[in-house]
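Peer 1:
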Amino acid sequence: MAEKEEEGSKKFDYEQTLIYGNYKRDLGKWAKFQARTIKKEKRDIGHTEVKPNTGIGAYIERFIYIRDVIFQKIGEDWIFLALLGVVMAILSFTMDFIIEKCQAAKFWLYQELAFSPPLQYFAWVSYTLLFILFAVGFSHLVSPQACGSGIPEMKTILRGVVLKEFLTFRTLISKVVGLCSSLGSTLPIGKEGPFVHIASIVATLLGKLTTFKGIYENESRRTEMLAAACAVGVAATFAAPIGAVCGAVTLRMLAIWFKNEATLTAVFKTNLRTDFPFDVLELVVFAVMGVLCGLAGALFILFHRKIVLFTRRHRRVTDFLQKNRFIYPGLVTLVISSLTFPLGLGQFFAGELTSKQAINELFSNITWTTGQAEGLRDEEIISHWKHGSTNIYVNLCIFVVFNVSIEYMKH
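Numbering (the numbering used here), first residue to last: 1 to 411.
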C-alpha cells in the first residue's frame, strides 16, 4: 500500500511531508500540461486509419445514409404516408383477387350442378354458410376485436379512448381472413368499415418500427396519422382519394381548426360539352328523388334504432346469441342465401350477380324499359333484371326492399 502511494506521489510530482506535504510543480502549469497531452492523444486517435466496410456492411451503411438524406429532405411524415398507401394498395389488391376467386368458385359450382336443381340449392346455401361460419369462428378464436365494422371504434380511438388489443397484428390477421371469407361467400356485405380498421392497424404497426418511432411516441402525431389511415382505408375501398380525404375530415377536424382559413382550389378545370342537356322535368324528378331518398334514410335510421333498443331490452336473447355465436350468423346466412337462389326469388332481382356486379349494371347507360338491346352485352344486362311475369319496375322495387331488409338483419 505504501508503495502505491509513493508511485502516485511521483506521478503527480507530489511529495509527502510530515505535516501537510507539498507539490513540486505549480498546479496551473501541471493542468495545462495535462490538457496538451490529452489533446495530442485525441489527435493521434483521429489520424488512425479506419478500414472501410466491404460486402454487406457497405451496402447497409449506404442504405442508412440514403435513408437519412431522404428523411431530411422530404420529411418523416411523407415517407410514412407513402409507405402506408403502398402497403394498403397491395393488401387491397390481394384481398380483392382472393374474394373474386372465391365468388367465381361458387357460381362455377352452381352452373356445374345444372342437371339437379335440389343439388344447386344445397350447394348455393352450404357454400355461403360454410364461408360465413368459418369467418365467425376464426375471428373469435384469433381476435374477437376484429368483429364488427371498425368505423365506430376508430372514432372512439380518435377521441382519445384506448381500446385494448384493437390495433394489433393478431387483429389484422383476423380482420383480413374474416373479411375475405365473408365477402367470398357472395353475401351483400360492405368493406368500407373493415378497410378503415385494417388501414389503422397497418399505420399503428408501421409507427412501431424503429424508423418511425417518433410518430408512434408522439400522441398528437399518432392521432393525426390514424386519421390519415382512415382516409387511406376509404380510398382503398372505392379507389376515390378525394372522397377519402373528405371522409377523413369528417372524422378529424384538427387540420382545419388549427388554420385561420381553408381554401380549396381545383387542380385543373374542365369544359365538357353537353350534347343532350337535361330537361326541366328531369330536374324536378331529380329533386323529388333527393327528398324521397332523404326521408328513406331517416326512416332507416329510425327503424334501426328501434331494433337496437329492442335487443338491449331483451337481455336474455342477447346473452344467448353471444354465448352461441354461430346461431345468428347461420340463420341470417340461411335466409339470405335462400332468398337469393337464382331459381327461386332471386330470379326477380338478379340473384345470380354479386353486389358489385349488380351495382355496375344499375349504372349501365341503356334504356331498360324498351326491352330492346343494342348489343349482346346490353341484352345480357336486361336478362338479369327482366322476368316474364313482372316488369322491370317491380323487380327493382324487390331489389331495394331485399337489400334494406338485409341491412336490418345484419345489424
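Glycine is no exception: its CB is placed at the ideal position from the N, C-alpha and C atoms.
(1) So, do the stretch 177 to 188 and the stretch 79 to 93 have three or more beta carbon pairs nearer to each other than 8 Å?
(2) Can you check which of these residues, Gly233, Thr367, Phe286, Pro118, is closest to Gly193 by C-alpha distance?
(3) How about Ile381 and Ile398: do their beta carbons lie closer than 8 Å?
(4) Nearest to His384 by CA position, among Val335, Gln347, Val284, Arg221, is which residue?
(5) Tyr121 to Leu109, Cα distance in whole Å?
(6) Go through its chain and collect everything with a Cβ distance to Lys39's Cβ below 6 Å, but skip five positions before and after it.
(7) Please work out which residues of its chain come closer than 8 Å, Cβ to Cβ, to Thr318, disregarding the five sequence neighbours upstream and downstream, and give them in chain order.
(8) Look at the alpha carbon of Leu353 and the alpha carbon of Lys323, and state the distance between them as a whole number of angstroms.
(9) Locate the alpha helix (DSSP H) running through Asp378, then write down its first and last residues.
(10) Where does Tyr23 sit, in a helix, a strand or coil, going by DSSP?
(11) Quick check: the Cα distance between Val87 and Phe195, rounded to an integer number of angstroms?
(12) Given a cut-off of 8 Å, decide if Val404 and Phe278 are closer than it, judged by their beta-carbon atoms.
(13) So does the stretch 132 to 151 actually touch the stretch 326 to 336, counting three or more Cβ pairs closer than 8 Å?
(14) Beta carbon of Leu172, beta carbon of Phe80: below 8 Å?
(15) Check whether the stretch 223 to 230 touches the stretch 152 to 172, counting contact only when three or more Cβ pairs, one atom from each stretch, lie closer than 8 Å.
(16) In whole angstroms, give me the CA-to-CA distance for Phe363 and Ile189.
(17) My parser needs the alpha helix (DSSP H) runs of 4 or more residues fully inside the stretch 76 to 124; what are they?
(18) State the CB to CB distance for the pair Ala203 and Ala229, rounded to an integer number of angstroms; the pair is presumed to be in contact (CB under 8 Å).
(19) Phe402 and Phe349: beta carbons closer than 8 Å?
(20) Given Val142, which residues of its chain have a CB within under 7 Å of its CB, disregarding the five upstream and five downstream residues?
(21) How big is the Cα-Cα spacing for Ile56 and Leu83?
(22) Give the single residue among Glu112, Ser116, Pro118, Tyr127 whose Cα lies nearest to the Cα of Gln103.
(23) For Ser364, name the three-state secondary structure that DSSP assigns.
(24) Between Gln145, Phe320, Ile151, Glu282, which has its C-alpha nearest Glu436's C-alpha?
(25) Near Ala123, what residues of its chain come up, given a Cβ to Cβ distance below 7 Å and the 5 sequence neighbours on each side ignored?
(26) Check whether the Cβ atoms of Arg325 and His197 lie closer than 8 Å to each other.
(27) So for Ser182, helix, strand or coil by DSSP?
Peer 2: In short, the structure shows the following:
(1) no
(2) Gly233
(3) no
(4) Gln347
(5) 11 Å
(6) none
(7) Thr311, Arg312
(8) 34 Å
(9) 376 to 385
(10) With a pLDDT of 49 at Tyr23, under the threshold of 50, the modelled position of that residue is not reliable, and the figure given next carries that caveat. In the structure shown, Tyr23 sits in a strand (DSSP, three-state: E or B).
(11) 12 Å
(12) no
(13) yes
(14) no
(15) yes
(16) 19 Å
(17) 76 to 112
(18) 4 Å
(19) yes
(20) Arg170, Ile173, Ser174
(21) 25 Å
(22) Tyr127
(23) coil
(24) Past the edges of the chain, shown from 1 to 411, lies residue 436, and the structure says nothing about it.
(25) Leu109, Tyr110, Leu113
(26) no
(27) helix
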